[in-house]
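Going by this note's numbering, 175 is the number at position 175 of the sequence shown; the sequence numbering is gapless.
First up is the structure itself, then whatever we jot down about it.
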Amino acid sequence: MDDYTWYEDDYQKEVNNQSFNQEEKPQEVIIYEKKKEKKPKIWLAAVSSAVATSLLCTGIFAAFFYNNPEKSQINYSVAWNSGDESSSESSTLTGVDPAIGRVQMNFVDIAEKVGPCIVGIVNKATSAYYYNQQINLGSGSGIIIRQDGYILTNAHVIEGGTDITVILNTQKEYTATVIGKDTTTDLAVLKIDETNLPTAVIGDSTKVKVGEPALAIGNPLGQELAGTVTGGYISAVNRSIQIDRNTQLTLLQTDAAINPGNSGGALVNTYGEVIGITNAKINAEGVEGIGFAIPTSEAMPVVENLIEYGYVKGRPMIGISGSDTRFGIYVEAVSPDSGAEKAGITVGDIIIKANGTAVKTVAELNKIKDQYKPGDQMTLTIFRNQEIIDVTVTLSEAN
């Protein structure tokens, strides 16, 4: 999708001259634009300060903490009778769905039900450049998905942080541990030491239809506006959005207002079920009401993997970091012990084909790679020292 500019976050932040490392470094800001046209921008919705920009650009990276909790299944199927049957009968949004027996709710009841399940997240890091002071990198939202303290949010909300605080709607604060983070899907799971928490009901986003009412609940612009509810409709489903040169997500589109700090919050249907995790918006002069959310049908399998393993199992990896050129993919780094290293790929190689198909971007290469599983083989055609050669790469597991 080359019509938009994607920013790593969307609050007074412009990141320039970042280096790219697929394994460790923050995502580079990539600008996709057509000549002679002024195009809208897609912004991630987490709040971040100007100081955070300098920290990220000078190399403060995310700290990963991994716990191995007891295996437990998250129920993300559609919940029956999820609403309050005593909801106001005068509301046009109140009634029983005769097909499946679920109770629709009015917006007031939805806000009362889901609001306590939405938390604030404050992301901080210790800066060596400011006498080890704590620097506020930004803030966002999260969704309580288990009573024992598991919280779902966006990966970009906690990017670069070493000290993450979760704030309940009661204003009680907790230090959170990062259970797992997946930048490919922009999802992360946090854990706080608490029990008997209110939990959100996770709905089935595959049943969502264009034109359905939807509410976004989160913390736009930080804790001062915590628990803000905005209403709108599902504008589109299966909207393919290019995040950066590596990643393309299929998202729900909504006109419910989504602002900086809403990232990681909930997009909710009229049954009071979370159907999406808000994570982005288009921001441009003359453009209003174009926001996006990660569908729960895509998110919850990733969440289960993050809780159980700390990463997403079964995802294939070539083992290179690269940049797009008009000729192909320039290899900037090769991961140790990866299939790419074992196949003899080196820094400076240019990958021009994958299994016989021409590729010029990392996203195109990943699209082909993702059709396979760890242990499968791919043939990459490489331009090196004025020669074109084929190498066979055995895909490893990205972990």
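For each residue, glycine too, the CB sits at the ideal point set by N, CA and C.
* **Val210 versus Val229, Ser335, Ile143 and Arg239, residue with shortest Cα-Cα distance** => Arg239
* To do: Quick one: using the 10 Å Cβ neighbour count with 16 as the cut-off for buried, is Gln171 buried or exposed?
  => exposed
* To do: Would you mind sorting Arg315 into buried or exposed? The rule is 16 or more other CB atoms within 10 Å of its CB.
  => buried
* To do: Report all residues from its chain with a CB closer than 6 Å to the CB of Thr379; omit the five preceding and five following residues, and keep chain order.
  => Asn355, Asp390 and Thr392
* To do: Using the Cα positions of Leu395 and Ile307, report the straight-line distance between them to the nearest angstrom.
  => 24 Å
* To do: Report buried or exposed for Gln386, applying the criterion of at least 16 other Cβ atoms within 10 angstroms of its Cβ.
  => exposed
* Asked: Lys191: buried (16+ other C-beta within 10 angstroms of its C-beta) or exposed?
  -> buried
* Do Thr230 and Leu215 have their CB atoms nearer than 9 Å? -> Judged by beta-carbon spacing, Leu215 lies within the 9 Å limit of Thr230, meaning their Cβ atoms are closer than that value.
* Straight-line CA distance for Thr270 to Thr206? -> Rounded to the nearest whole angstrom, the C-alpha separation of Thr270 and Thr206 is 15 Å.
* Asked: Between Pro336 and Ser321, what straight-line distance do the alpha-carbon atoms span, to the nearest angstrom?
  -> 12 Å
* To do: With distances taken Cα to Cα, identify the nearest neighbour of Val157 among Tyr174, Ile151, Thr184 and Ile121.
  => Ile121
* Measuring CA to CA, which of Pro213, Asn123, Ala256 and Phe327 is closest to Gly348? -> Phe327
* **Straight-line gap, Thr357 to Ile241 (C-alpha atoms, nearest Å)** => 23 Å
* **Residues sharing a beta bridge with Val359, DSSP** => Val359 is not bridged to any residue.
* Evaluate the contact criterion for the stretch 294-309 versus the stretch 176-188: three or more CB pairs, one atom per stretch, below 8 Å. => yes
* Asked: Between Cys117 and the rest of its own chain, which residues show a CB-CB distance below 7 Å, the 5 nearest in sequence each way excluded?
  -> Ile143, Ile144, Pro198, Thr199 and Ala200
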